[in-house]
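Report on the following structure.
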Amino acid sequence: MVDLLKHAVPGVQGLHPYVPGKPAEELERELGLARIVKLASNENPLGMSPRAAEAATEALAGLNLYPDDTGFRLKARLAERLDMSSDQITLGAGSSDVLDMVARTFLGPGRNAVFSAHSFAMYAIYTQAMGAEGRVADPVSADDAVMPYGHDLSQMAALVDEQTKVVFIANPNNPTGTWLEETALLEFIEALPKSVIVVLDEAYTEYVKPGLLPDGTKWVEQFPNLIVTRTFSKIYGLAGLRIGYGVAGAELTALINRVRHPFNANSVALRAAEAALEDDDFVARSAALNREGLAQYQKAFHAMGLKVLPSIGNFVCVDFGRSGAELFDQLLRRGVIVRPVGNYGLPDCLRISVGTAEENAICIEALQSVLST
Ligand SMILES: *Cc1c(COP(=O)(O)O)cnc(C)c1O
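So the sequence shown is numbered by the working numbering: it starts at 6 and just counts up by one.
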């Protein structure tokens, strides 16, 4: 027998694949439960924008044709909204695809990428797959009252050396929900060598009240080494379609597009995303529901004496001080799927997405029942 593992490239030999949230269907099959509440993957509990649904349905008629590889119309809409030009926008099959393009363009053996502990899992995976070194910065201390487990920018800066080609930052961060403020982030980027690509991952930015978070897209003129990534998977409710984008200077954009797979943004996704972008009402409703849900969780979990990390995403991270994996299993048996985050270095925590008020209440009740036994 040939041991194929030995023949894989060194980066892949050591790779642990991404563990997604458990699909509701799978749990239904396993336990035969009638009602499953899935709060595991930060999906939009309101579904998708009705305008996007309509556009997607219309686009089905053209599925015999390849998509528009340039994504002309979606890029034009995005450019207009962001007040920049289309040649500064990269489309991806989800923003993960854009993160991967950056890794494939700038990382390889002998190079490294810097990111924070307890940050988005794909940073480590894409780095490792390229045979580059992932340098994991210590997070803010767990006892910090403001942003426990969040990005510590000074720790990150300390890890940057001549071989550092990429720095990944999520703002707000997943799975912690913590965030970075404008001045600190700007000073960090300013102090980095201009040869280091800064990936500012803003997957949740549309959930945040204006003024609370910096808008990284405003900085791409000033920093040719900055790329800001965003997605239609979260507030726009199009996770299943796989569409996201990156915003950067034209030079960086052209470079990473050299490694882009042809037709990576599919034709249904292109049309749906275009429509979703115009659906301000759906976005506003989603953000409002999310704010209420965050408050509902905070209140209930505090009343239960639990430690909840500050969050401005569509999820909260709760520190139970005991095995999150066990609690996850017990919640599963009650039909509630949350996300264990041991693989993010947080074995005592669970990440819980904000659902509808009713779903949140079911989750809170299940948790009360589990913790009282
Ligand atoms: C969800 C998420 C993404 C992107 O997901 P896609 O579906 O690939 O767009 C990127 N970064 C973070 C931090 C996320 O939580």
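Glycine residues also receive a C-beta, built at the ideal position from the N, C-alpha and C atoms.
- Boundaries cannot be given for F268, as no alpha helix (DSSP H) includes it and DSSP labels it neither H nor E.
- Around the beta carbon of Q133, 16 or more other beta carbons sit within 10 angstroms, so the residue counts as buried.
- Using a cutoff of 6 Å, the CB of G350 does not count as near ligand 1, since none of the ligand's heavy atoms is closer than that.
- The beta carbons of K170 and L112 sit about 6 Å from each other, so the pair counts as a contact at 8 Å.
- Per DSSP, R140 lies in no alpha helix (DSSP H) segment; the continuous beta strand (DSSP E) that holds it begins and ends at 138-142.
- Only buried fits Q93, as 16 or more other CB atoms lie within 10 angstroms of its CB.
- Between ligand 1 and the CB of G139, the shortest heavy atom gap is not smaller than 6 Å.
- Ranked by Cα distance from A84, the options A255, D353, R263, S377 are led by A255.
- Taking 7 Å as the cut-off, the Cβ atoms of V225 and V252 count as close.
- Straight across, the Cα-Cα distance linking D334 with N348 is about 16 Å.
- Secondary structure at N47: coil, using DSSP grouped into helix, strand and coil.
- Closest option to V107, judged by alpha-carbon separation, among L257, P28, L311, S124: L257.
- The segment 182-190 makes contact with the segment 315-323, as at least three CB pairs between them are under 8 Å.
- The straight-line gap separating the alpha-carbon atoms of E63 and Y71 is approximately 15 Å.
- Excluding its 5 nearest sequence neighbours in each direction, V172 has C-beta neighbours in its own chain below 8 Å: A118, V119, F120, M161, V165, L197, V201, I202, V203, V204, listed in chain order.
- With a cutoff of 7 Å on beta-carbon distance, S91 and G249 are scored as not near each other.
- Its chain contains S46 as the residues whose beta carbon lies nearer than 8 Å to that of P25, once the 5 sequence neighbours on both sides are disregarded; these appear in chain order.
- Cβ neighbours of M53 within its own chain (closer than 6 Å, five residues either side excluded): G242, L243.
- A direct Cα-to-Cα measurement between A274 and A58 gives close to 10 Å.
- Annotation: E192 to R40 spans about 48 Å, alpha carbon to alpha carbon.
- Shortest gap from the CB of A208 to any heavy atom of ligand 1: under 6 Å.
- Where L205 is concerned, the enclosing beta strand (DSSP E) starts and stops at 202-206.
- Contact between I240 and Y302 is ruled out by a C-beta separation of about 18 Å, above the 8 Å threshold.
- P345 and D88 have their C-alpha atoms roughly 39 Å apart.
- Annotation for S100 indicates a beta carbon within 6 Å of some heavy atom of ligand 1.
- Judged by the Cβ position, S238 qualifies as a neighbour of ligand 1 at the 6 Å threshold, a heavy atom of the ligand being closer than this.
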